[in-house]
Amino acid sequence: MTSFEITPIGTVTNDRTDVQDTDNWGAVRSTITVDERFGDACLQGLEGFSHVEVLFVFDRFPDHGDHREPRPYRGRADLPPVGIFAGRGPRRPNRIGVTCCAIESVHGRELTVVGLDAVSGTPVIDLKPAMREFLPTDVEQPDWVGPMMSEYFQP
C-alpha cells in the first residue's frame with residue numbers, strides 16, 4: 035500500500051497529561067491552537083456550529099505492529115475480544131483518534147472545546163464541523179459497550 039505523510043495543523047492544550055487516565059473526559063476543556071501558516075481567519079465560520087470533529091494523533095503510544103489477534107476491549111478480561119477495527123482505543127495501526135466535541139469559543143487561531151479525549155501536547159491533524167447530515171441516526175452497538183463506556187465522558 036502507498037504510505038503518506040500527515041503534518042499536524044495544531045496542538046491541544048489542557049490539564050490532562052496522563053495518557054493512562056482514560057475516563058472522565060466530559061468536562062475537560064481544551065484549547066486547540068492552529069498553526070500560524072493557516073492565518074488568523076482559518077477558523078472563521080466555525081463559531082456557528084455547536085460541535086466539531088477533532089482528528090488527532092495518539093503520538094504517545096508506540097506502534098504495536100501486529101494487530102491480527104483480537105484483544106479484550108480496554109484490556110479488560112471481563113469484556114469480549116475484539117479486532118483492531120472494532121475499538122476506538124489509541125493502539126491503532128495509524129494511531130488516529132477522532133472525537134466530536136462541543137465548541138465553547140473561537141478566537142483567531144484558538145478553538146476551545148469541551149470533551150476532547152486527548153492529552154495536552156497532542157498533535158491535531160484536522161478539524162471538521164459536525165453537521166446533522168453527516169451524523170448517523172440509528173447507531174447500534176453490543177450490550178457491553180454502554181456500561182463499559184459509562185464514565186468515559188463523565189465530568
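FYI, the numbering for the sequence shown is 35 to 189, going by our numbering. Cβ atoms here follow ideal geometry from the backbone N, Cα and C, with glycine treated the same way.
*Can you list, in chain order, the residues of its chain whose CB lies under 7 Å from that of His85, leaving out five sequence neighbours each side?*
Cys134, Cys135, Ala136, Ile137 and Ala164
*Between the C-alpha atoms of Val62 and Thr47, what's the straight-line distance to the nearest angstrom?*
10 Å
*Look at the alpha carbon of Pro189 and the alpha carbon of Asp151, and state the distance between them as a whole number of angstroms.*
12 Å
*For Ile43, count neighbouring Cβ atoms within 10 angstroms of its own Cβ and tell me buried if that reaches 16, exposed if not.*
Buried, since its Cβ has 16 or more Cβ neighbours within 10 Å.
*How many angstroms separate the CA atom of Trp178 from the CA atom of Asp97?*
27 Å
*Helix, strand or coil: how does DSSP classify Ile137 here?*
strand
*Can you round the beta-carbon distance between Tyr107 and Met182 to whole angstroms, since I take them to be within the 8 Å contact cut?*
7 Å
*asked:* Among the candidates Gly123, Val53 and Pro104, whose CA atom is the shortest distance from the CA of Pro115?
replied: Pro104
_So, with DSSP's three-state summary, where would you put Glu87?_
strand
*What residue ranges within the region 40-88 form continuous alpha helix (DSSP H) runs of no fewer than 4 residues, ordered along the chain?*
Listed in chain order, nothing qualifies, since the region 40-88 has no complete alpha helix (DSSP H) run of 4 or more residues.
*Alpha-carbon to alpha-carbon, Ala120 and Val173*: 14 Å
*Rounded straight-line distance, which links the Cα of Gly142 to that of Gly199*: Since the first residue of the chain shown is 35 and the last is 189, residue 199 is not available in this structure.
*asked:* Just verifying my parser: in three-state terms, what is the DSSP assignment at Gly180?
replied: helix
*Using DSSP with H/G/I as helix, E/B as strand and the rest coil, what is Arg105?*
strand
*asked:* Taking the alpha carbon of Gly82 as the reference point, which residue from Thr67, Leu145 and Phe90 has its own alpha carbon closest?
replied: Leu145
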